[in-house]
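Mapping to the numbering used here: the sequence shown position 34 is 36, numbers consecutive. From the three backbone atoms N, C-alpha and C, an ideal C-beta is built for every residue, glycine too. Just below is one structure, and these are the notes that go with it.
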Amino acid sequence: MDFAAARAAMVERQIVARGIADPHVLAAMGEVAREAFVPPAQLARTYEDGPLPIEAGQTISQPYIVALMVEAAGVAPGATVLEIGAGSGYAAAILGRIASRVVAIERHAELAELAAARMRRLGYGNVEIVHGDGSAGWPDEAPFDAILAAASGSHVPQVLLDQLRVGGQLVMPIGGTHEIQDLVRVTRVDTDAFERESLCPVRFVPLIGAAGWTGK
Ligand code: SAH
Numbered sequence: 003m004d005f006a007a008a009r010a011a012m013v014e015r016q017i018v019a020r021g022i023a024d025p026h027v028l029a030a031m032g033e034v035a036r037e038a039f040v041p042p043a044q045l046a047r048t049y050e051d052g053p054l055p056i057e058a059g060q061t062i063s064q065p066y067i068v069a070l071m072v073e074a075a076g077v078a079p080g081a082t083v084l085e086i087g088a089g090s091g092y093a094a095a096i097l098g099r100i101a102s103r104v105v106a107i108e109r110h111a112e113l114a115e116l117a118a119a120r121m122r123r124l125g126y127g128n129v130e131i132v133h134g135d136g137s138a139g140w141p142d143e144a145p146f147d148a149i150l151a152a153a154s155g156s157h158v159p160q161v162l163l164d165q166l167r168v169g170g171q172l173v174m175p176i177g178g179t180h181e182i183q184d185l186v187r188v189t190r191v192d193t194d195a196f197e198r199e200s201l202c203p204v205r206f207v208p209l210i211g212a213a214g215w216t217g218k
């Protein structure tokens with residue numbers, strides 16, 4: 003299988019065609035070898051237009067959703083970014099091609115180990131994979147220019163908003179566990195002022211952790 007050709011076609015047909023225009027996002031989506039992030043059994047489906055099953059019963063996000071979230075969060079060169087729910091590490095790798103520093107937290111040890119090994123193998127030295135509960139963020143390196151949650155919650159945890167730099171943006175799916183959720187963007191416009199917008203309907207696995215899902 004010609005992965006490079008499949009990747010180029012993915013960028014044009016799934017990403018550019020749907021209106022993603024940020025040149026940094028398009029370059030990163032064209033560079034990161036998604037085939038290095040999927041389990042062997044899914045290799046032939048690597049560049050399909052959808053999520054795929056990965057280890058520990060989790061999923062690697064659809065390429066378009068990764069591109070949309072990174073663009074929506076305004077991730078730019080020089081940024082420090084937090085991702086909650088590293089999973090395969092694919093979105094963290096995309097973030098790492100654009101930002102200066104990425105911390106990506108994953109609650110499944112098996113996934114965190116696989117993702118960390120991929121970062122080493124691919125040479126993404128600015129991406130740190132942390133094993134643990136990311137629902138309380140990563141106060142050690144806050145504030146962040148952007149925070150992406152790749153798992154859904156009933157609400158945006160305040161503890162995450164507190165870790166955003168003024169002017170920074172958080173993107174997270176909000177809604178019920180087995181329902182269509184709403185991808186929202188929260189911008190910290192001032193120390194105590196946040197603006198929330200709804201971007202599009204999505205479906206993610208739930209954020210499980212101390213500050214995560216609390217029901218309705
Ligand atoms: N960004 C990933 C998609 C991950 S799917 C990719 O590009 O492939 C969401 C991930 O969030 C799952 O792996 C799940 O284990 C993880 N997750 C759920 N709750 C979490 C929490 N509280 N802290 C860290 N990871 C969590």
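Within the segment 141-217, complete beta strand (DSSP E) segments of at least 3 residues are found at 146-151, 166-176, 183-192, 195-204, given in chain order.
Only residues of its own chain outside the window of five on either side were considered, and among them Arg103, Phe146, Asp147 have a CB closer than 6 Å to the CB of Thr82, listed in chain order. Under the DSSP definition of a beta bridge, Val18 lacks any partner. In the DSSP assignment, Arg9 falls within the alpha helix (DSSP H) that extends over 5-12.
Judged by DSSP secondary structure, His26 falls within the alpha helix (DSSP H) whose first and last residues are 25-33. With distances taken between CA atoms, Ala119 lies nearest to Ile131 out of Gln160, Ile131, Gly21. Contact holds between the segment 91-102 and the segment 66-82, because three or more Cβ pairs, one in each stretch, are under 8 Å apart. By alpha-carbon distance to Tyr126, the top candidate from Asp194, Arg205, Ala38, Val188 is Ala38. Using a Cβ distance threshold of 8 Å, Val68 and Ala29 do not count as a contacting pair. When DSSP states are grouped into helix, strand and coil, Ala75 belongs to the coil group.
In the three-state DSSP reduction, Ala106 falls in the strand class (E or B). Annotation: Ile56 is outside any alpha helix (DSSP H) and is labelled neither H nor E by DSSP.
For Ser63, the CB falls within less than 7 Å of some heavy atom of the ligand SAH.
Nearest Cα to Thr48 within the set Ala58, Val34, Gly59: Val34.
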